[in-house]
Amino acid sequence: MPLAPCALFILNILPATSQTPQQNAAARQAASVARQLRSVQRQMARPLSVPLETSHPVADCSPLNPAGLDSSLRKSAVENGLTPDLLRAVIQRESAFDPCAVSRSGALGLMQLMPGTAFDLGVEDPFNPEQNIAAGSRFLRLLLDRFGGDLPLALGAYNAGPARVAAAGGIPPIRETRDYVDGIMRRLNPPSH
């Protein structure tokens, strides 16, 4: 399956990690360009008003119905020893089920994979829901293994990066990360009334 032009651009422009202020600025600029490209991609995805049977959108970038992903979620959950509910909760929090989501930091697709992570996990098209879910699930499994099966720590690492969790010796004191972990855990274990 060929790589979407937007994904190819992002994978070639965005660095896997940004450490210097110059690299951070370059990553922000590349993410801005990626958002602009996504807008163009959405415009191009609209069907042409040409009466051809082969006329179809280049890509569908509207948020997906979670029920339509059930088979991909079940398959990836089983392959990685996770639950479909966990994957649904991560996708809801990461992208609100928008397969073409691009974050300010350059994370891509349903499970918001960073380009370097997507590349490392063999993703050809991070905007393809099945590939993104499969890779995001593998990555979450790797984080669970790294952090001894501790789901909140693995979720913290998924959001802020494993190095930050390791350096903090727990969920880092970053409000976004703490809200992220709390939100997913509440979704998985709603309070009983």
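Heads up: the sequence shown runs through residues 5 to 197, numbered per the working numbering.
Beta carbons: idealized from backbone N, C-alpha and C, even for Gly.
Have a look at residue i and residue j and give me their C-alpha separation to the nearest angstrom.
i           : j           : result
residue 76  : residue 115 : 13 Å
residue 192 : residue 132 : 25 Å
residue 163 : residue 173 : 15 Å
residue 122 : residue 95  : 15 Å
residue 73  : residue 195 : 26 Å
residue 117 : residue 167 : 16 Å
residue 113 : residue 102 : 7 Å
residue 153 : residue 169 : 14 Å
residue 83  : residue 171 : 30 Å
residue 136 : residue 155 : 20 Å
residue 66  : residue 100 : 10 Å
residue 120 : residue 165 : 12 Å
With DSSP collapsed to three states, give me the class of residue i.
i           : result
residue 127 : coil
residue 112 : strand
residue 117 : strand
Answer with buried or exposed for residue i, where buried requires no fewer than 16 other C-beta atoms within 10 angstroms of its C-beta.
i           : result
residue 127 : buried
residue 98  : buried
residue 71  : exposed
residue 89  : exposed
residue 129 : buried
residue 108 : exposed
residue 141 : buried
residue 161 : buried
residue 177 : exposed
Check the C-beta distance from residue i over to residue j and give it rounded, since I have them as a contact under 8 Å.
i           : j           : result
residue 81  : residue 91  : 6 Å
residue 188 : residue 181 : In fact, because the Cβ distance is near 11 Å, the residues do not count as touching under 8 Å.
residue 151 : residue 125 : Actually they do not touch by this definition, with Cβ atoms about 18 Å apart.
residue 86  : residue 145 : 6 Å
residue 185 : residue 147 : Between residue 147 and residue 185 the Cβ distance is about 12 Å, and since that is not below 8 Å, they are no contact.
How about residue i: is its C-beta nearer than 8 Å to some C-beta of chain B?
i           : result
residue 136 : This model lacks chain B altogether, as it is built from one protein chain only.
At 4 residues or longer, what runs of the alpha helix (DSSP H) sit wholly inside the region 69-104?
Annotation note: the region 69-104 contains the following uninterrupted alpha helix (DSSP H) runs of length 4 or greater, listed N- to C-terminal: 74-84 and 88-99.
Give the list of continuous alpha helix (DSSP H) stretches no shorter than 4 residues that lie fully inside the region 140-193.
The qualifying runs are 155-164, 166-172 and 179-192.
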